[in-house]
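Asks: Quick one: the structure is below, questions incoming.
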Amino acid sequence: KDLLPVGSVILLVDPVNKLWMQSRLIGWEEGGCLMVEQPTRGGSAVQLTKDLTLVGRGMYEGRVWGFKSNVLFQTVQPFRILFLAYPKQIEEVSLRKNERISISLEVFLSARRHDFEAIKKDKGGPKGNVKNISVAGCSISCPFRFESNMPVFISGDLPNGKSMDNVLGFIRNVTRSQNENIYGIHFEEKNSDLEGLREFVALAAKIVFRGDAENHS
């Protein structure tokens, strides 16, 4: 099976530490290794230890390909390159309808549209944490009080390098505890800004984190 084309964006996941990283395929030697750009997370470079197991996902012609590998070594000079063991198999990953991705993702949310770029620079911006997400909606934990059926606008950077900018959702269910509120949010279908999210959900489908398997129904 041919590998993804050179230059493909690759989503790399450390399933033990639940780390999502973005990289790009530079090249490969069949049976030997894959060469990818040094992975980044939220714009910062990530150092990975030798032998660490990783799950990789890449998209080509609208289809998602997945593989498992482990870290061989990283170079810094003259280029920052991560060398991964050549995967034993690379297979197409199919997406179930409304696949939910278990994640911890910081987002901004507010009852009115906001300026995403400006709010990112504001240390006290209204933040929440996405617990899981699908193309239809998400579950968010946050300290602010919203009520059922209220509209909310959500913005955040996704692990595949894309972002959500003022995605409109409606609060469908509310769970309150002493120090947090958990909201089930349904995205408005007319959102124009769901392309990046659709791509991320497709790339992240069926990645099972250690310790999560028993939580999946």
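In terms of my numbering, the sequence shown is residues 2 to 218.
Heads up, the beta-carbon is just placed ideally off N, CA and C, and yes, glycines get one too.
The structure displayed is predicted, hence computed values, not measured ones.
Unbroken beta strand (DSSP E) runs of length 3 or more, entirely within the stretch 64-105: which are they?
Replies: Taking only runs of at least 3 residues, the beta strand (DSSP E) segments lying wholly in the stretch 64-105 are 64-76, 82-86, 91-94.
Asks: Take Gln39 and list the residues in its own chain whose beta-carbon comes closer than 6 angstroms to its own, dropping the five residues that flank it on each side.
Replies: The residue given as residue 39 occupies position 38 in the sequence shown. Counting only Cβ-Cβ distances below 6 angstroms, and skipping sequence neighbours, we find Ala46, Arg81, Leu83.
Asks: Only counting the same chain, and skipping five residues up and downstream in sequence, which positions put a Cβ closer than 7 angstroms to that of Met36?
Replies: Here the question's residue 36 lines up with position 35 in the sequence shown. The answer, listed in chain order, is Ile27, Gly28, Trp29, Ile82, Phe84.
Asks: Return the residue from the list Val65, Lys69, Glu62 that minimises the CA-CA distance to Val56.
Replies: Position 55 of the sequence shown, counting from 1, holds the residue named residue 56. Nearest option by C-alpha distance: Lys69.
Asks: Between the C-alpha atoms of Cys143 and Ile104, what's the straight-line distance to the nearest angstrom?
Replies: By one-based count along the sequence shown, residue 143 stands at place 142. By one-based count along the sequence shown, residue 104 stands at place 103. Cys143 and Ile104: Cα-Cα distance of roughly 15 angstroms.
Asks: Where does Ile120 sit, in a helix, a strand or coil, going by DSSP?
Replies: By one-based count along the sequence shown, residue 120 stands at place 119. Here Ile120 sits in helix by DSSP.
Asks: So the alpha helix (DSSP H) Asn31 belongs to, where does it begin and stop?
Replies: Residue numbering aside, residue 31 sits at position 30 when the sequence shown is read from its first letter. A small fix is needed here, since residue 31 is Glu in this sequence, not Asn. That residue, Glu31, is in no alpha helix (DSSP H); it is neither H nor E in DSSP.
Asks: Between Pro88 and Leu110, how many whole angstroms is the CB-CB distance? I'm expecting something under 8 angstroms.
Replies: What you label residue 88 is simply residue 87 of the sequence shown in a count that begins at 1. What you label residue 110 is simply residue 109 of the sequence shown in a count that begins at 1. Their Cβ separation, rounded to whole angstroms, is 38 angstroms, which puts Pro88 and Leu110 out of contact at 8 angstroms.
Asks: If contacts are defined as beta-carbon pairs under 8 angstroms, then Phe210 and Pro16 qualify, I think. What distance do you get, rounded to the angstrom?
Replies: In the sequence shown, counting from the first residue as 1, residue 210 sits at position 209. In the sequence shown, counting from the first residue as 1, residue 16 sits at position 15. About 5 angstroms; that satisfies the 8 angstroms criterion.
Asks: Pull up the DSSP beta-bridge partners for Val56, would you.
Replies: Reading the sequence shown from its first residue, position 55 is the one you call residue 56. Answer by DSSP bridge pairing, in chain order: Val14, Lys69.
Asks: Could you spell out the range, first to last residue, of the alpha helix (DSSP H) harbouring Arg223?
Replies: What the structure shows of the chain is the stretch from 2 to 218, and residue 223 is not part of that stretch, so it cannot be assessed.
Asks: Excluding sequence positions up to five away, which residues of its chain have a Cβ less than 8 angstroms from the Cβ of Glu215?
Replies: Along the sequence shown, one-based indexing puts residue 215 at 214. For Glu215, the predicted model reports a pLDDT of 39, less than 50, meaning its position is unreliable and no value from the coordinates is stated.
Asks: Per DSSP, Asn130 forms a beta bridge with which residues?
Replies: Within the sequence shown, residue 130 is the residue found at index 129, counting from 1. Asn130 is bridged to Glu107, Ser142.
Asks: For Arg199, which residues in the same chain have their Cβ closer than 7 angstroms to its Cβ, ignoring the five residues on either side in sequence?
Replies: Reading the sequence shown from its first residue, position 198 is the one you call residue 199. Closer than 7 angstroms at the Cβ level, and outside the excluded window around Arg199, lie Val136.
Asks: What does the Cβ neighbour count give for Tyr61, buried or exposed, with the cut at 16 atoms within 10 Å?
Replies: Within the sequence shown, the letter at position 60 stands for residue 61. The residue in question, Tyr61, is exposed, as its Cβ has fewer than 16 Cβ neighbours within 10 Å.
Asks: Between Ile172 and Ser140, how many whole angstroms is the CB-CB distance? I'm expecting something under 8 angstroms.
Replies: Position 171 of the sequence shown, counted from the first residue, corresponds to residue 172. Position 139 of the sequence shown, counted from the first residue, corresponds to residue 140. At roughly 11 angstroms, the Cβ-Cβ gap does not stay under 8 angstroms, so Ile172 and Ser140 are not in contact.
Asks: Where does Phe171 sit, in a helix, a strand or coil, going by DSSP?
Replies: Taking the first residue of the sequence shown as position 1, residue 171 is located at position 170. Strand, per DSSP.
Asks: Ends of the beta strand (DSSP E) at Phe154?
Replies: Taking the first residue of the sequence shown as position 1, residue 154 is located at position 153. 152-158 is the span of the beta strand (DSSP E), which, as asked, contains Phe154.
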